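**Q** Residue 283 in the numbering used here sits at position 283 of the sequence shown, and the numbers go up by one each step. Glycine included, every Cβ here is placed at the ideal spot set by N, Cα and C. None of the values given here were measured: they were computed from a predicted structure.
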Amino acid sequence: MYNARAYAAAGATSPLALTNIARRDPKDHDVQIEILYCGICHSDLHAVRDEWSDFMPTVYPIVPGHEFVGRVTNVGAAVTKFKAGDLAAVGCLVDSDRSCAACRDGLEQFCTSSTFTYGAPDTHLGGVTYGGYSDSVVVDEHFVLRVPPNLELAGAAPLLCAGITSYSPLRHWGVTRGKKAGIVGLGGLGHMGVKFARAFGAHVVVFTTSPGKKDDALRLGADEVVVSRNADEMQKHAGSFDFILDTVSAAHDVNAFLNLLRHDGNMTLVGAPSKPLQVAAFPLILGRRSLSGSPIGGIRETQEMLDFCGEHNITADVEVIPIQKVNEAYDRLVKADVKYRFSIDMASLKAD
Ligand code: NAP
Ligand code: ZN
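(1) So if DSSP puts R71 in a beta bridge, which residue, or which two residues, is it bridged to?
(2) With DSSP as the reference, please indicate the residues paired to L291 in a beta bridge.
(3) For D307, which of K83, A89, L269, A10 has the nearest alpha-carbon?
(4) What is the DSSP secondary structure of K179, reduced to helix, strand or coil?
(5) To the nearest angstrom, how far is it from the Cα of A156 to the Cα of Q303?
(6) Output yes or no for whether 7 angstroms exceeds the beta carbon distance between H252 and C161.
(7) Put H203 into one of helix, strand or coil per three-state DSSP.
(8) When every heavy atom of the ligand NAP is checked, does at least one fall within less than 6 angstroms of the C-beta of H66?
(9) Counting only the same chain and skipping the five closest in sequence on each side, list residues whose C-beta sits under 7 angstroms from that of G119.
(10) Whose C-alpha, out of E108, R198, K236, Q235, is nearest the C-alpha of A222?
(11) How about C41: is its Cβ closer than 6 angstroms to a heavy atom in the ligand NAP?
(12) Taking the alpha helix (DSSP H) that F282 belongs to, which residues open and close that run?
(13) Helix, strand or coil, according to DSSP, for V48 in the structure here?
(14) Per DSSP, what kind of secondary structure is I244 in: helix, strand or coil?
(15) Of the residues D246, G131, V138, G188, which one's Cα is nearest the Cα of D28?
(16) Per DSSP, which one or two residues make a beta bridge with S136?
(17) Does at least one heavy atom of the ligand ZN sit under 6 angstroms from the Cβ of C161?
(18) What whole-angstrom Cβ distance do K180 and L220 have, given they're in contact under 8 angstroms?
(19) Checking the sheet assignment: what are the DSSP bridge partners for T115?
(20) Rounded to a whole number of angstroms, what is the C-alpha to C-alpha distance between T176 and A202?
(21) Consider the C-beta atom of H191 and the heavy atoms of the ligand NAP; say whether any pair is separated by less than 6 angstroms.
(22) Just to confirm before moving on: does the CB-CB distance between I35 and G76 stay below 7 angstroms?
(23) For a quick check, are the C-beta atoms of N355 and P283 less than 7 angstroms apart?
(24) First and last residue of the alpha helix (DSSP H) that includes I314?
(25) Any idea if D50 is buried or exposed, counting beta-carbon neighbours within 10 angstroms, 16 or more meaning buried?
(26) Which residue from W52, V320, L125, R262 puts its Cα closest to that of G182?
(27) Using a Cβ-Cβ cut-off of 8 angstroms (strictly less than) and excluding sequence neighbours within five positions of R300, which residues of its own chain qualify?
(28) Quick one: does the C-beta of I62 sit closer than 6 angstroms to a heavy atom of the ligand NAP?
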């Protein structure tokens with residue numbers, strides 16, 4: 001066991017602050033990683049502020065961070081995929097049972113005994129797992145991803161959550177050339193959704209509540225931008241979408257978007273507002289439309305997504321911040337004021 005530096009919150013209304021945490025010494029299949037960049041996901045904020053208490057109450061202290069890249073510093077005797085000095089990345093999962101039907105299919109996100117990177121029971125040290133707002137971590141090699149060497153690291157970190165969470169449903173629902181895809185909310189997940197849907201060849205429409213993001217949406221790859229609070233603009237797209245990805249983090253009217261789907265179209269929620277959404281029956285019934293959800297992605301697909309990003313030179317658009325600015329960044333996230341992901345430069349942890 002050794003000590004790592006980390007930022008933790010002691011309670012739902014406490015700011016994140018410097019602390020020391022215990023990490024296990026690498027076992028045979030473990031990879032020890034010096035964390036270089038960690039993205040800030042809106043899920044970190046939901047968890048730190050216990051906004052999902054109805055579904056998964058937060059255990060304090062919490063060290064968030066589930067999208068990070070770093071450099072391997074040490075490996076266990078049985079590790080084959082990594083050696084010291086390699087780049088490595090970790091997302092939202094650090095373990096699963098590896099034997100259930102979901103795990104055997106490479107769909108660890110559906111394993112009922114998977115271990116989240118933070119806030120889940122830690123089978124090695126007791127207590128709960130601690131995430132990537134830290135200088136070092138130890139993870140089983142199965143859950144460590146390879147980072148294409150051409151990717152800029154600060155922008156690669158968010159691929160491990162924002163990237164895979166938008167990539168996976170776009171692939172699952174067959175968003176390709178000839179399809180019309182909507183992306184609702186231009187934040188961390190949304191801007192990655194735009195990049196992927198564009199790269200897959202679809203006609204991409206961004207729905208935003210922030211008129212000031214219009215030019216960025218087009219630059220990121222959207223063909224059209226709709227200000228979703230403008231009913232006339234929305235009406236022009238009625239019944240026309242094959243697929244809509246909803247990334248919104250707060251309460252909003254999903255029925256307005258369901259009406260934009262063509263018959264048999266699907267809208268997938270990846271955004272996870274804390275309170276239940278109201279769904280009207282008629283928009284679903286009349287067009288045999290479907291509404292579904294999607295969590296992150298499995299390890300195999302996460303590696304596929306990273307390799308795709310390597311080939312197409314796709315990374316997140318990031319604002320790099322020192323960890324001392326993390327509480328300010330959270331306040332800005334609530335105001336949808338991020339272009340389009342905060343990425344923490346973990347070297348700043350040494351300055352505290
Ligand atoms: P984010 O960067 O804060 O982006 C959310 C965007 O939603 C905002 O930029 C804003 O876009 C829009 N928005 C915010 N409040 C709104 C409101 N009241 N009405 C309408 N639109 C609003 O968040 P993120 O990190 O992308 O995460 C988005 C959501 O996905 C969060 O709930 C997060 O917990 C969840 N999540 C789920 C998974 C999963 O596995 N399913 C994984 C990661 C994250 P505009 O300014 O363009 O309107
Ligand atoms: Zn996330």
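**A** Here's the rundown:
(1) E34, L87
(2) M267
(3) A89
(4) coil
(5) 12 angstroms
(6) no
(7) strand
(8) no
(9) A47, T58, V59, I62, V128, T129
(10) R198
(11) yes
(12) 281-286
(13) helix
(14) strand
(15) V138
(16) E34
(17) yes
(18) The Cβ separation is near 17 angstroms, so there is no contact.
(19) D95
(20) 5 angstroms
(21) no
(22) no
(23) A question about residue 355 goes unanswered here, because the residues of the chain that appear run from 1 up to 352.
(24) No alpha helix (DSSP H) contains I314, which DSSP labels as neither H nor E.
(25) buried
(26) R262
(27) G106
(28) no
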